[in-house]
Structure formats: structure tokens, C-alpha cells
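What follows is one structure encoded as C-alpha cells, with my remarks underneath.
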Amino acid sequence: MSRLVYEQKLKFLTLGDTAVGKTSLVLRFSDDEFEKNILPTIGIDFKVRTLIFQEKRVRIQVWDTAGQEKFKNITSAYYRGAQGIILTYSVSNRKSYEHVDYWIKNIENCSDCEIETILVANKTDLEKQREVSKEEGLKLANKYSIPYIETSAKSGKNVEEAFLKLAKKVLSKKNSNFTKKKSRFKSTSVSTSSLDSMITTPTTPVIIEENEKIDEREENKCCN
Ligand SMILES: Nc1nc2c(ncn2[C@@H]2O[C@H](COP(=O)(O)OP(=O)(O)OP(=O)(O)O)[C@@H](O)[C@H]2O)c(=O)[nH]1
Ligand SMILES: [Mg+2]
Numbered sequence: 348m349s350r351l352v353y354e355q356k357l358k359f360l361t362l363g364d365t366a367v368g369k370t371s372l373v374l375r376f377s378d379d380e381f382e383k384n385i386l387p388t389i390g391i392d393f394k395v396r397t398l399i400f401q402e403k404r405v406r407i408q409v410w411d412t413a414g415q416e417k418f419k420n421i422t423s424a425y426y427r428g429a430q431g432i433i434l435t436y437s438v439s440n441r442k443s444y445e446h447v448d449y450w451i452k453n454i455e456n457c458s459d460c461e462i463e464t465i466l467v468a469n470k471t472d473l474e475k476q477r478e479v480s481k482e483e484g485l486k487l488a489n490k491y492s493i494p495y496i497e498t499s500a501k502s503g504k505n506v507e508e509a510f511l512k513l514a515k516k517v518l519s520k521k522n523s524n525f526t527k528k529k530s531r532f533k534s535t536s537v538s539t540s541s542l543d544s545m546i547t548t549p550t551t552p553v554i555i556e557e558n559e560k561i562d563e564r565e566e567n568k569c570c571n
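Following the numbering used here, the numbering of the sequence shown begins with 348 at its first residue and continues without gaps.
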């Protein structure tokens with residue numbers, strides 16, 4: 348038997364210096380895997396995971412960018428339309444931490460973007476090679492008023508939590524915008540286009556089978 352459920356679609360983007368573990372975090376989140384000899388991302392890639400979160404079916408599409416300088420222009424072209432950014436540095440690489448200011452400026456330069464960001468300090472399993480303390484990470488996150496989390500794509504520690512923390516922020520913002528639009532609709536007239544957006548956001552109906560898995564890990568490769 349099939350039933351109609353409502354699906355929230357979220358678009359996330361990874362950002363940060365090369366080799367901090369962006370692709371590894373995405374791979375851990377989407378497929379629960381870790382590859383020691385993973386290749387640097389060329390251009391952009393993406394993965395999708397659908398899960399049940401806060402009693403809703405949520406489809407998270409993660410666009411995984413390349414941190415290498417030569418792909419800078421390609422990366423910024425993908426900011427538009429993203430609702431969440433996983434901004435990553437490696438605790439074993441101080442330069443990648445110092446470079447967070449640069450990535451934040453880049454996000455702020457996208458004037459018509461409305462993006463929630465989370466600061467992710469990855470590779471915490473390399474405790475002996477740590478060059479950035481937790482306190483420094485928290486201080487940086489506080490400077491930009493964004494959440495902070497320490498992860499290890501290798502062990503899997505806090506990876507799910509990082510993505511879900513961001514999903515929670517994006518969904519609560521989406522739903523509060525939706526409520527604002529609804530109350531505006533009550534008091535004033537609205538144009539047909541804004542009425543359309545009220546109908547299509549924040550959810551899209553999909554039909555699923557009664558016994559369908561609630562946590563699908565699907566792979567979608569592109570562009571390489
Ligand atoms: N020890 C440890 N190694 C990690 C971790 N995450 C990633 N790595 C390793 O770090 C290297 C770089 O990882 P990637 O995921 O390719 O890094 P990236 O940020 O996607 O790099 P670009 O695609 O070039 O931007 C690889 O050798 C990974 O196996 C982690 O949490 N711990
Ligand atoms: Mg990569």
C-alpha cells in the first residue's frame with residue numbers, strides 16, 4: 348500500500364581548504380564509509396541522503412566543492428540556492444583554521460544568498476597532531492555567531508550530528524519564513540508569485556510505499 352507524505356528538500360554545500368576532509372565528511376554522512384586514499388575533488392560533486400528527521404521526510408542534497416585554489420570560481424557559482432554550508436577546517440592544520448575568515452567573506456559576498464553555516468573542526472582523531480584547540484574553534488564560531496562542532500570523518504564521530512544540526516537550523520528558518528508569509532497573507536493581499544511559493548514551500552508531496560526504508564543512502568555523482 349502507498350501513502351502520501353511530505354518531503355522537505357534541503358541543499359547543502361561544503362566549503363573549506365583542500366584536504367580538510369570535506370568529501371570524507373560527505374561520504375561518511377551519505378554512505379557511512381571512509382576512504383583513506385580519497386582523491387581531491389575536481390570541480391564539484393554531489394551526494395543525496397533521504398532520512399526521517401523531526402517526523403518529516405527530509406532529502407538532503409550535499410554539493411561537495413573542491414578546496415583547491417584553482418576551482419575557486421566554480422565553487423562560488425554554487426552558493427546561490429544553497430540553504431546550508433558545512434564550513435570545515437582540520438584541527439591538524441592551523442592554516443585551514445586561519446583561512447576560515449576568507450571562506451566566511453566569500454559567503455557574505457553572495458548578496459542574495461540566505462545561508463545558514465556551521466563550523467566543523469574535522470580530524471579530531473589526530474589528537475597528537477592537533478594544532479587548533481577546541482577553545483580557538485569555539486571563539487571563531489562565536490565571532491560569526493555560528494554553531495561549532497568537532498568531528499572525525501575517519502571514526503564517524505559527530506558527523507551525523509553536524510549535518511542534522513545544520514538541517515535543524517535550516518528547517519526552523521524555513522518554517523518561520525513560511526509562518527511569516529502566511530501571516531502576511533492574512534493581513535494584506537499577496538501577488539500570485541508569492542502565493543505560489545507559499546504553496547510549494549516548505550514541503551513537496553511524494554508517494555512512498557508503506558514498507559519503504561526510512562533512511563535511504565543513495566549516490567549521485569556528477570561532474571567528475
Ligand atoms: N585522520 C583523518 N583523516 C581524514 C579525516 N577526514 C579526511 N581525512 C583524510 O584527509 C585527506 C583529505 O580528505 P578529503 O575528504 O579528500 O578532503 P577535501 O577537503 O575533500 O579536499 P578537496 O577535495 O581537495 O577540497 C584524505 O586522505 C582523507 O582520508 C579524518 O577525520 N581523520
Ligand atoms: Mg573533496
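Where is the CB? At the ideal position from N, CA and C, for every residue including glycine.
As the structure is a computational prediction, the values presented were derived from the model and not from experiment.
Using CA atoms only, rank isn't needed, just tell me which of the options is closest to residue i.
i: isoleucine 465; options: Leu511, Gly503 and Lys475; result: Leu511
i: phenylalanine 400; options: Ser423, Glu380 and Lys356; result: Lys356
i: valine 367; options: Lys419, Ala424, His446 and Val405; result: His446
i: threonine 435; options: Arg404, Lys417, Leu360 and Gly390; result: Leu360
i: lysine 452; options: Glu474, Tyr491 and Gly484; result: Tyr491
i: lysine 383; options: Leu518, Phe393, Ser371 and Ile391; result: Ser371
i: lysine 378; options: Leu518, Asn440 and Lys394; result: Correcting the residue identity first, residue 378 is aspartate in this sequence and not lysine. Closest option to aspartate 378, Cα to Cα, is Lys394.
i: arginine 441; options: Lys486, Leu386, Leu518 and Arg477; result: Arg477
i: alanine 514; options: Lys475, Gly484, Leu485 and Arg406; result: Arg406
i: alanine 488; options: Ile391, Glu461 and Tyr444; result: Tyr444
i: aspartate 392; options: Ile433, Asn420 and Val409; result: Val409
i: alanine 509; options: Glu474, Glu416 and Ile433; result: Ile433
i: aspartate 459; options: Glu483, Glu474, Val479 and Ala424; result: Ala424
i: glutamate 483; options: Asn420, Gly390, Ser439 and Ser523; result: Ser439
i: arginine 358; options: Phe418, Ser523 and Glu461; result: Checking the sequence, you will find lysine at residue 358 rather than arginine. Comparing Cα-Cα distances from lysine 358 to each of Phe418, Ser523 and Glu461, the minimum goes to Glu461.
Keeping to the same chain, check which residues put their C-beta closer than 6 Å to that of residue i; ignore five residues upstream and five downstream.
i: arginine 531; result: For arginine 531, the predicted model reports a pLDDT of 49, less than 50, meaning its position is unreliable and no value from the coordinates is stated.
i: tyrosine 449; result: none
i: lysine 568; result: With a pLDDT of 42 at lysine 568, under the threshold of 50, the modelled position of that residue is not reliable, and no figure is offered here.
i: serine 540; result: At serine 540 the pLDDT is 38, less than 50, meaning the model places this residue with poor confidence and gives no usable figure here.
Using 8 Å as the threshold, is the C-beta distance between residue i and residue j below it?
i: threonine 422; j: alanine 468; result: no
i: threonine 397; j: aspartate 411; result: no
i: aspartate 364; j: glycine 428; result: no
i: serine 437; j: aspartate 472; result: no
i: cysteine 457; j: tyrosine 426; result: yes
Have a look at the DSSP bridge pairing and note the partners of residue i.
i: isoleucine 465; result: Ile433
i: tyrosine 444; result: Answer by DSSP bridge pairing: none, since tyrosine 444 is not bridged.
i: glutamate 497; result: Ala468
i: threonine 388; result: According to DSSP, threonine 388 bridges with nothing at all.
i: leucine 360; result: Trp410 and Ile432
Keeping to the same chain, check which residues put their C-beta closer than 8 Å to that of residue i; ignore five residues upstream and five downstream.
i: lysine 481; result: Ala468 and Glu497
i: alanine 500; result: Gly368, Ser371, Leu372, Leu374, Arg375, Phe381, Asn469, Lys470 and Val506
i: lysine 516; result: Gly431, Glu463, Ile465 and Pro494
Near residue i, what residues of its chain come up, given a Cβ to Cβ distance below 7 Å and the 5 sequence neighbours on each side ignored?
i: glutamate 507; result: Phe376
i: isoleucine 385; result: Thr370 and Ser371
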